[in-house]
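J.:
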Amino acid sequence: MSRPEAKHSGSNQRVGNNPATADSTSAPHQESVRFYHRRLKQGILLCLLITYLIPIVAITAYFNYKFNSNMRESSKLQLTAVAESQRNTIDLFMQKRIVNVFNLFHMKGFSLEPSRDDMHAYLENLIRSDDAFVDVGLINPEGIQAGYAGPYPHLRGKDYSEEKWYTDLVRQPESYIVTDLYLGLRKHPHFTIGVKQLMDGDYYVIRTSVYPDKLEDFLRAINHSKQARGFLVNREGIYQVVVPEFGTLLEPAPYAPEAGSQADVGVIKVNGNSMLAAHTWLKEVPWCLVMLQPEAVAFEEMYVIRNTMIIGAAILVLVIMVFIWIVVNRLFSRAQAVEEEKVELKSQLYHAHKLVSVGQLAGGVAHEINNPLAIIESEAGIIRDMLDPELGLEASPDAIVKELDEIDKAVNRAKGITQKILSFVRKTDPKLVESDINQLLEEVVSGVKEQEFKVSDIRLVKEFDPALPKLQLDPDLMRQVFLNLLNNASDAVDKGDTITLKTETEKGFVKIIVADTGKGLSADQLEKIFMPFFTTKKVGKGTGLGLPISLNIVEGFGGRITVESTPGTGTAFTIFLPAAGRGGTSRGEGEN
Amino acid sequence: MIFGKTHSHGGFLLEEVFVLNDKKINVLLVDDEEALLDSMRRRLQFRDFNVIAASSGKKALEIARENPVDVAIVDIKMPGMSGRDVLLALKEEYPWVEVIILTGHGSFSPEEEGIAEKMHSCLGKPCDLATLQQVLTDAYKKTVMNRREIAPQEMDAMLNSAEKKSPDAVLKQLKELDVDR
Numbered sequence: 082m083s084r085p086e087a088k089h090s091g092s093n094q095r096v097g098n099n100p101a102t103a104d105s106t107s108a109p110h111q112e113s114v115r116f117y118h119r120r121l122k123q124g125i126l127l128c129l130l131i132t133y134l135i136p137i138v139a140i141t142a143y144f145n146y147k148f149n150s151n152m153r154e155s156s157k158l159q160l161t162a163v164a165e166s167q168r169n170t171i172d173l174f175m176q177k178r179i180v181n182v183f184n185l186f187h188m189k190g191f192s193l194e195p196s197r198d199d200m201h202a203y204l205e206n207l208i209r210s211d212d213a214f215v216d217v218g219l220i221n222p223e224g225i226q227a228g229y230a231g232p233y234p235h236l237r238g239k240d241y242s243e244e245k246w247y248t249d250l251v252r253q254p255e256s257y258i259v260t261d262l263y264l265g266l267r268k269h270p271h272f273t274i275g276v277k278q279l280m281d282g283d284y285y286v287i288r289t290s291v292y293p294d295k296l297e298d299f300l301r302a303i304n305h306s307k308q309a310r311g312f313l314v315n316r317e318g319i320y321q322v323v324v325p326e327f328g329t330l331l332e333p334a335p336y337a338p339e340a341g342s343q344a345d346v347g348v349i350k351v352n353g354n355s356m357l358a359a360h361t362w363l364k365e366v367p368w369c370l371v372m373l374q375p376e377a378v379a380f381e382e383m384y385v386i387r388n389t390m391i392i393g394a395a396i397l398v399l400v401i402m403v404f405i406w407i408v409v410n411r412l413f414s415r416a417q418a419v420e421e422e423k424v425e426l427k428s429q430l431y432h433a434h435k436l437v438s439v440g441q442l443a444g445g446v447a448h449e450i451n452n453p454l455a456i457i458e459s460e461a462g463i464i465r466d467m468l469d470p471e472l473g474l475e476a477s478p479d480a481i482v483k484e485l486d487e488i489d490k491a492v493n494r495a496k497g498i499t500q501k502i503l504s505f506v507r508k509t510d511p512k513l514v515e516s517d518i519n520q521l522l523e524e525v526v527s528g529v530k531e532q533e534f535k536v537s538d539i540r541l542v543k544e545f546d547p548a549l550p551k552l553q554l555d556p557d558l559m560r561q562v563f564l565n566l567l568n569n570a571s572d573a574v575d576k577g578d579t580i581t582l583k584t585e586t587e588k589g590f591v592k593i594i595v596a597d598t599g600k601g602l603s604a605d606q607l608e609k610i611f612m613p614f615f616t617t618k619k620v621g622k623g624t625g626l627g628l629p630i631s632l633n634i635v636e637g638f639g640g641r642i643t644v645e646s647t648p649g650t651g652t653a654f655t656i657f658l659p660a661a662g663r664g665g666t667s668r669g670e671g672e673n
Numbered sequence: 009m010i011f012g013k014t015h016s017h018g019g020f021l022l023e024e025v026f027v028l029n030d031k032k033i034n035v036l037l038v039d040d041e042e043a044l045l046d047s048m049r050r051r052l053q054f055r056d057f058n059v060i061a062a063s064s065g066k067k068a069l070e071i072a073r074e075n076p077v078d079v080a081i082v083d084i085k086m087p088g089m090s091g092r093d094v095l096l097a098l099k100e101e102y103p104w105v106e107v108i109i110l111t112g113h114g115s116f117s118p119e120e121e122g123i124a125e126k127m128h129s130c131l132g133k134p135c136d137l138a139t140l141q142q143v144l145t146d147a148y149k150k151t152v153m154n155r156r157e158i159a160p161q162e163m164d165a166m167l168n169s170a171e172k173k174s175p176d177a178v179l180k181q182l183k184e185l186d187v188d189r
């Protein structure tokens with residue numbers, strides 16, 4: 082087929098494109114994907130851990146704090162409750178004793194001038210109620226102990242008018258008084274209960290000494306629970322009742338609440354130990370009940386629960402971390418598998434796309450192969466005819482050889498086609514080598530081509546950009562592309578025409594232009610220029626596979642081919658190759 | 009009269025074919041493959057067809073204008089005027105001429121409307137000569153019928169009465185019918 086006459090004016094342009102994008106993934110690309118994955122994984126792990134751990138830690142801390150203060154409060158309340166109940170017991174004991182003494186005034190046969198026997202009867206009466214009573218004495222309005230029963234008979238006739246407790250009792254509105262603990266004559270700590278009664282206009286007083294052993298028993302009773310120790314102190318902070326293990330009577334206590342203060346609970350330091358201290362003042366006596374409990378014991382339960390909580394939270398955090406780690410790891414290994422599958426799929430798609438192109442070829446192939454086959458058959462038929470005596474034709478060797486030559490030609494033609502198809506279909510992994518495009522072009526034109534152009538009187542112009550970046554390409558494949566374009570150009574030109582080879586960089590692409598001042602292409606031809614088996618060359622000369630193969634190769638490197646042609650003026654093919662290697666630049670940009 | 013001629017002039021006609029184009033079937037062969045065109049032309053000529061070869065549709069139409077064509081064999085895929093165009097043009101100008109389409113191309117559909125009824129038949133490339141000869145004979149029979157306006161049954165009756173049924177014999181008889189016009 083010859084190139085048609087120029088019927089069209091104006092410029093036509095066409096961009097070669099294949100349906101699927103050839104994308105063979107190179108190793109560096111995969112490496113960067115892996116790196117990206119690792120970073121993403123770390124980021125996600127960190128985010129997940131933070132979002133899970135921060136609330137857990139915050140909640141744990143908050144509850145710990147809340148729980149601590151609640152437990153502290155409850156421990157204090159507990160101690161206070163114990164102190165209160167104990168105080169009530171002691172108060173009740175005191176009240177009873179006081180009432181015992183009062184009752185003496187109202188005893189049958191009570192006499193203001195009692196005999197020794199009377200006094201013994203009174204003492205017996207008291208001791209019957211409680212053996213804490215030691216002695217008893219009746220003090221007349223003059224302050225003289227008129228009657229006495231007890232272990233110290235010489236106390237009979239003792240003058241109490243100057244004693245502080247006596248004067249206080251007489252003066253005060255209340256009709257009874259309880260003294261602080263004192264040793265007195267007997268060198269045994271005791272306290273005195275004094276009760277006054279108005280008789281015939283004068284105050285008579287019954288006094289009795291009481292040993293505080295009973296009170297000690299009460300205090301001892303509460304000590305069993307949780308190392309709480311209780312003791313009684315007076316306003317001056319002196320021990321009134323104390324279990325001997327803790328302290329000595331009549332000595333200053335380590336903790337003395339302010340006189341008359343409200344019942345309270347607090348933390349104090351005793352010998353460097355933190356103690357929880359609760360105090361409450363007795364109603365009947367100016368004494369204060371103090372309860373001490375080591376903080377460690379008081380808060381023991383709290384500490385146990387707090388530790389459980391902290392350990393639980395830590396375990397929870399650990400479990401969550403492990404879980405997150407496992408899940409993220411799984412997710413990512415799956416994502417990576419998918420990614421790898423995708424890469425594999427892409428390469429399969431690339432191959433499949435090639436096969437589709439081959440499928441499109443099939444119709445064309447049939448025609449292109451059938452023509453030589455028809456010739457071969459026909460030529461063979463002629464030879465057979467020549468050898469057929471019935472037809473009586475000339476069958477000289479020369480004549481037969483002439484026909485055989487035709488057969489050879491047809492066979493070669495068919496062979497050329499099948500070879501090109503094979504090169505089109507074969508799944509070759511391009512070897513990526515850093516290549517200098519200018520040098521590749523030079524290699525293609527130098528030698529045979531240049532000589533050919535000189536003979537045909539065709540001018541070859543080279544406008545190479547020396548600053549052209551080197552590209553990762555398969556040089557053999559690229560040479561094939563350049564050779565295809567050069568062959569097309571040289572077939573399109575006549576004597577005196579020019580072929581221009583030009584390289585330049587534009588918007589991240591390396592442009593290689595192969596232009597000729599030949600016949601040009603019609604719009605119709607431009608439409609079909611990249612279709613397999615479309616050719617403008619003479620029958621048997623062009624296979625119509627050069628441009629589709631070239632396009633396939635260039636797209637394989639992430640590039641594209643455009644063609645611009647004006648009938649009668651010339652054709653220019655432009656190859657765009659991404660300058661930054663594969664995938665660096667978006668494709669299909671800056672073209673029309 | 010016609011039958012008698014056929015009977016008695018079997019050998020005589022054989023001698024005459026080389027002399028008179030009028031006595032041979034004129035085949036117009038159109039194909040852009042020069043090698044194929046030449047070899048087919050020669051082979052058909054060995055078999056008593058008068059073949060006029062044309063390497064393009066344009067040339068084919070020019071030849072048809074100057075020569076009485078009986079049957080045309082047209083390759084479907086040709087640059088410029090395609091086989092399809094040639095078929096339509098021939099049928100337009102010479103409706104009686106039967107056209108055989110040759111195709112090596114899978115994309116051509118012989119069932120296409122406006123084409124199927126116009127062509128005589130469609131043969132795939134490569135096609136063996138015996139088949140081509142058979143089809144040519146059949147096509148020529150139709151051409152004769154077209155020209156002479158003979159109904160198919162009438163034609164069959166005429167041919168059946170011929171004692172010799174060899175393709176050559178039938179062909180000769182047909183030629184006689186044609187020349188007789």
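Same order as they appear, the protein sequences are chains G and S.
Mapping to our numbering: the first sequence position 589 is 670, numbers consecutive.
Mapping to our numbering: the second sequence position 146 is 154, numbers consecutive.
Positions of the beta carbon are idealized from the N, C-alpha and C atoms, including for glycine.
So which residues of chain S does glycine 462 of chain G contact, with C-beta pairs closer than 7 Å?
T.: Within the first sequence, numbered from 1, the residue matching residue 462 of chain G stands at position 381. Arg51, Leu137, listed in chain order.
J.: Taking contact to mean 3 or more Cβ pairs, one atom from each stretch, closer than 8 Å, check whether the segment 521 to 540 of chain G and the segment 606 to 620 of chain G are in contact.
T.: As far as the Cβ criterion goes, the segment 521 to 540 of chain G does not touch the segment 606 to 620 of chain G, which means the pair count is below three.
J.: What are the uninterrupted segments assigned as alpha helix (DSSP H) that are 4 or more residues long and contained completely in the segment 81 to 144 of chain S, given in chain order?
T.: Correct list: 91 to 101.
J.: What is the rounded straight-line gap between the Cα of aspartate 345 of chain G and the Cα of leucine 370 of chain G?
T.: Counting from one through the first sequence, the residue named residue 345 of chain G turns up at place 264. Counting from one through the first sequence, the residue named residue 370 of chain G turns up at place 289. Approximately 11 Å, taken between the alpha carbons.
J.: According to a CB-to-CB cut-off of less than 8 Å, which residues of the segment 52 to 65 of chain S neighbour chain G?
T.: The residues in question are Phe54.
J.: Put isoleucine 600 of chain G into one of helix, strand or coil per three-state DSSP.
T.: Locating residue 600 of chain G in the first sequence gives position 519, where the first residue counts as 1. In the sequence as presented, isoleucine is not what sits at residue 600 of chain G; that position holds lysine. Coil.
J.: Is there contact between the segment 99 to 113 of chain S and the segment 71 to 81 of chain S, where contact requires at least three CB pairs shorter than 8 Å?
T.: Yes: at least three Cβ pairs fall under 8 Å.
J.: Give a yes or no on contact between the segment 171 to 189 of chain G and the segment 377 to 388 of chain G, applying the rule of three or more CB pairs nearer than 8 Å.
T.: No contact exists between the segment 171 to 189 of chain G and the segment 377 to 388 of chain G.
J.: By the DSSP assignment, the beta strand (DSSP E) with leucine 373 of chain G in it spans what residues?
T.: Here residue 373 of chain G refers to the residue found at position 292 of the first sequence. Taken as a continuous stretch (DSSP letters only), the beta strand (DSSP E) holding leucine 373 of chain G covers 369 to 375.
J.: Rounded to the nearest angstrom, what separates lysine 600 of chain G and glycine 651 of chain G at their Cα positions?
T.: Indexing the first sequence from 1 puts residue 600 of chain G at position 519. Indexing the first sequence from 1 puts residue 651 of chain G at position 570. Lysine 600 of chain G and glycine 651 of chain G: Cα-Cα distance of roughly 6 Å.
J.: Note down, in chain order, all residues in the segment 130 to 155 of chain S with a beta-carbon under 9 Å from any beta-carbon belonging to chain G.
T.: Listed in sequence order: Gly132, Lys133, Pro134, Cys135, Asp136, Leu137.
J.: So with Cβ pairs under 8 Å, would you call serine 105 of chain G a contact of chain S?
T.: Here residue 105 of chain G refers to the residue found at position 24 when the first sequence is read from its first residue. Because the pLDDT of serine 105 of chain G is 41, which lies under 50, any placement of that residue in the model is unreliable, and the question is left without a value.
J.: Is the Cβ of glutamate 70 of chain S closer than 8 Å to any Cβ of chain G?
T.: As a working note, residue 70 of chain S is residue 62 in the second sequence. Cβ-Cβ to chain G under 8 Å: no for glutamate 70 of chain S.
J.: So, proline 549 of chain G versus threonine 584 of chain G, is the Cβ gap smaller than 8 Å?
T.: Residue 549 of chain G sits at position 468 when you count from the first residue of the first sequence. Residue 584 of chain G sits at position 503 when you count from the first residue of the first sequence. A small fix is needed here, since residue 549 of chain G is leucine in this sequence, not proline. Yes, they are a contact pair.
J.: What does methionine 402 of chain G pair with, by DSSP beta-bridge criteria?
T.: The residue you call residue 402 of chain G lines up with position 321 of the first sequence. Bridge partners of methionine 402 of chain G: none, in fact.
J.: Can you check whether the CB of leucine 110 of chain S is closer than 8 Å to the CB of lysine 126 of chain S?
T.: Walking along the second sequence from the start, residue 126 of chain S turns up at place 118. Walking along the second sequence from the start, residue 110 of chain S turns up at place 102. Not in contact: lysine 126 of chain S and leucine 110 of chain S (Cβ atoms no closer than 8 Å).
J.: Any Cβ of chain S within less than 8 Å of the Cβ of glycine 637 of chain G?
T.: Position 556 of the first sequence, counting from 1, holds the residue named residue 637 of chain G. No, its Cβ sits nowhere closer than 8 Å to a Cβ of chain S.
J.: Pairing CB atoms from the segment 159 to 168 of chain G with CB atoms from the segment 356 to 373 of chain G, are three or more of them under 8 Å?
T.: They touch, by the three-pair rule.
J.: Alpha carbons only, please: which of G:Met612, G:Glu645, G:Val366, G:Glu382 is nearest the one belonging to arginine 153 of chain G?
T.: Start at 1 with the first residue of the first sequence, and residue 153 of chain G comes out as number 72. The shortest C-alpha separation from arginine 153 of chain G is found at G:Glu382.
J.: Going along chain S, which residues have a C-beta under 7 Å from serine 459 of chain G?
T.: Locating residue 459 of chain G in the first sequence gives position 378, where the first residue counts as 1. Result: Leu44, Ser47, Met48, Arg51.
J.: Please compile the residues from chain G whose C-beta is within a distance smaller than 8 Å of the C-beta of lysine 85 of chain S.
T.: Here residue 85 of chain S is taken as the residue at index 77 of the second sequence, counted from 1. Those within 8 Å of lysine 85 of chain S in chain G are His448.
J.: Show which residues of chain G have a CB atom less than 7 Å away from the CB atom of glycine 3 of chain S.
T.: In the structure as shown, chain S begins at 9 and stops at 189. Residue 3 of chain S is therefore absent and cannot be evaluated.
J.: For cysteine 135 of chain S, count the other beta carbons within 10 Å of its own beta carbon; 16 or more makes it buried, fewer makes it exposed. Which is it?
T.: As a position in the second sequence, residue 135 of chain S is number 127, starting the count at 1. With 16 or more Cβ atoms within 10 Å of its Cβ, cysteine 135 of chain S is classed as buried.
J.: Would you tell me roughly how many angstroms separate the C-alpha atoms of serine 105 of chain G and glycine 589 of chain G, rounded to the nearest one?
T.: As a position in the first sequence, residue 105 of chain G is number 24, starting the count at 1. As a position in the first sequence, residue 589 of chain G is number 508, starting the count at 1. Low confidence applies to serine 105 of chain G: its pLDDT is 41, below 50, so where it sits in the model is not reliable, and the reading given next is rough at best. Cα to Cα, the separation comes out at about 20 Å.
J.: Name the chain S residues whose beta carbon is nearer than 7 Å to that of alanine 455 of chain G?
T.: Against the first sequence, residue 455 of chain G aligns to sequence position 374. Those within 7 Å of alanine 455 of chain G in chain S are Leu44, Gly112, Lys133, Pro134.
J.: Going by DSSP, what residues sit across from tyrosine 285 of chain G in a beta bridge?
T.: Working through the first sequence from its first residue, we reach residue 285 of chain G at position 204. Partner(s): G:Gln278.
J.: For the beta strand (DSSP E) that methionine 356 of chain G lies in, which residues bound it at each end?
T.: Here residue 356 of chain G corresponds to residue number 275 of the first sequence, with the count starting at 1. It spans 354 to 362 - the beta strand (DSSP E) in which methionine 356 of chain G sits, taken as one unbroken run.
J.: Determine which residues share a DSSP beta bridge with isoleucine 33 of chain S and list them.
T.: As a first step, residue 33 of chain S must be located in the second sequence, where it is residue number 25. The partner list for isoleucine 33 of chain S (beta bridge, DSSP) reads S:Phe57.
J.: Under 8 Å, with one C-beta from each stretch per pair, do the segment 246 to 257 of chain G and the segment 273 to 284 of chain G reach the 3-pair mark?
T.: Yes, the segment 246 to 257 of chain G is in contact with the segment 273 to 284 of chain G.
J.: Flag alanine 491 of chain G as yes if its beta-carbon sits less than 8 Å from any beta-carbon of chain S, otherwise no.
T.: For the purposes of this step, residue 491 of chain G is taken as residue 410 along the first sequence, with counting starting at 1. Yes, alanine 491 of chain G lies at the interface with chain S (some Cβ there is under 8 Å from its Cβ).
J.: Inspect the beta-carbon positions of valine 322 of chain G and leucine 296 of chain G and report whether they are closer than 8 Å.
T.: To locate residue 322 of chain G, count along the first sequence from 1; it is residue 241. To locate residue 296 of chain G, count along the first sequence from 1; it is residue 215. For valine 322 of chain G and leucine 296 of chain G, yes; Cβs fall inside 8 Å.
J.: Got a sec: is the Cβ-Cβ distance from glutamate 487 of chain G to anything in chain S below 8 Å?
T.: Numbered from 1 along the first sequence, position 406 holds the residue referred to as residue 487 of chain G. Judged by the 8 Å Cβ criterion, glutamate 487 of chain G is in contact with chain S.
J.: Closer than 9 Å by beta-carbon distance: list the chain S residues that pair up with aspartate 479 of chain G, in chain order.
T.: Start at 1 with the first residue of the first sequence, and residue 479 of chain G comes out as number 398. Correct list: empty, because the minimum Cβ distance to chain S is about 16 Å.
J.: Look at phenylalanine 611 of chain G and glycine 625 of chain G and say whether their C-beta atoms are less than 8 Å apart.
T.: The sequence position of residue 611 of chain G within the first sequence is 530, counting from 1. The sequence position of residue 625 of chain G within the first sequence is 544, counting from 1. No.
J.: Of the choices G:Leu541, G:Leu513, G:Lys512, whose alpha-carbon is the least far from that of valine 526 of chain G?
T.: In the first sequence, the residue the question calls residue 526 of chain G occupies position 445. With distances taken between Cα atoms, valine 526 of chain G lies closest to G:Leu541.
J.: Taking the beta carbon of cysteine 128 of chain G as the centre, do at least 16 other beta carbons fall within 10 Å, making it buried, or is it exposed?
T.: Along the first sequence, read from residue 1 onward, the residue named residue 128 of chain G stands at position 47. With fewer than 16 Cβ atoms within 10 Å of its Cβ, cysteine 128 of chain G is classed as exposed.
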